[in-house]
Amino acid sequence: MSIDERLAKARAGLRRHEPKEAAELHRQGALLIDIRPRDDRAADGEIPEAIPVERIVLEWRLDPAGSHRLPQVDADRPVVVFCNEGYASSLAARDLGELGLRRVGDLVGGFRAWRAAGLPVVPGGGPAIP
1 MSIDERLAKA
11 RAGLRRHEPK
21 EAAELHRQGA
31 LLIDIRPRDD
41 RAADGEIPEA
51 IPVERIVLEW
61 RLDPAGSHRL
71 PQVDADRPVV
81 VFCNEGYASS
91 LAARDLGELG
101 LRRVGDLVGG
111 FRAWRAAGLP
121 VVPGGGPAIP
């Protein structure tokens, strides 16, 4: 199966959120999870209060039953994962759903779409959650 086919399959069963919808979900308590590398966050900025978790440790930090999960993660809390343009985040959100997050989705268009929608961005580049 090609990556395009894998992406389409992942998105078929995924909640995908437009930027303004994701911002409203965040205001209501959803976690925004930024999986972009530190260099991207430093160059382009970050979404305020988003949690930077690099892809390499994502499943360990967001597994609702895992011993290494972030304390604010539980199976029923909404989670919106985003990357730079909304491709890698679709695959990551699918994987998190398979781990047991029942309300996980991704950001359509990623960070770039958020910024283009005029939503808040702050300087970035701090360390990700280890």
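In this text, residue positions in the sequence shown follow UniProt numbering: the first is 1, and each later residue adds one. We put the beta carbon where it would ideally sit given N, CA and C, even for glycine. Keep in mind that this is a model prediction, so the values were computed, not measured.
Under 6 Å Cβ to Cβ from Val-108, same chain only, skipping five residues before and after it: list those, please. Cβ contact annotation for Val-108 (same chain, cutoff 6 Å, sequence separation greater than five): Arg-16, Glu-18 and Gly-86, in chain order.
Grab me the residues of Ala-23's own chain with a C-beta within less than 7 Å of its C-beta, minus the 5 sequence neighbours each way, in chain order. Taking C-beta separations shorter than 7 Å and ignoring five residues to either side along the sequence, the partners of Ala-23 in its chain run Leu-119, following chain order.
Please report the straight-line C-alpha distance between Glu-59 and Ile-129, rounded to a whole angstrom. Going by C-alpha positions, Glu-59 is about 12 Å away from Ile-129.
Straight-line Cα distance separating Arg-103 from Gly-124: The straight-line gap separating the alpha-carbon atoms of Gly-124 and Arg-103 is approximately 27 Å.
Whose C-beta lies closer than 6 Å to the C-beta of Ala-113 among residues of the same chain, with five residues either side of it excluded? Here the set comprises Pro-19.
Starting from the Cα of Gly-110, find the closest Cα among Gln-28, Ile-3, Gln-72 and Gly-45 and give me that residue. The candidate whose alpha carbon is nearest that of Gly-110 is Gly-45.
Beta-carbon proximity list for Pro-48, same chain, < 7 Å, skipping 5 on both sides: Cβ-Cβ distances below 7 Å link Pro-48 to Pro-120 and Val-122 in the same chain, with the five nearest sequence neighbours on each side left out; the list follows chain order.
Does DSSP put His-26 in a helix, a strand or coil? DSSP places His-26 in helix when its eight states are reduced to three.
Could you check the C-alpha separation between Ala-30 and Val-53 for me, to the nearest Å? Taking the Cα positions, Ala-30 is about 15 Å away from Val-53.
Give me the Cβ distance between Ala-10 and Arg-94, rounded to the nearest whole Å; I'm assuming they're in contact under 8 Å. Indeed they touch by this definition, with Cβ atoms about 4 Å apart.
Complete beta strand (DSSP E) runs within the UniProt domain "Rhodanese" (26–123) (minimum length 3 residues, chain order): Within the UniProt domain "Rhodanese" (26–123), the runs of beta strand (DSSP E) at least 3 residues long that lie entirely inside it are, in chain order, 31–34, 79–82 and 104–107.
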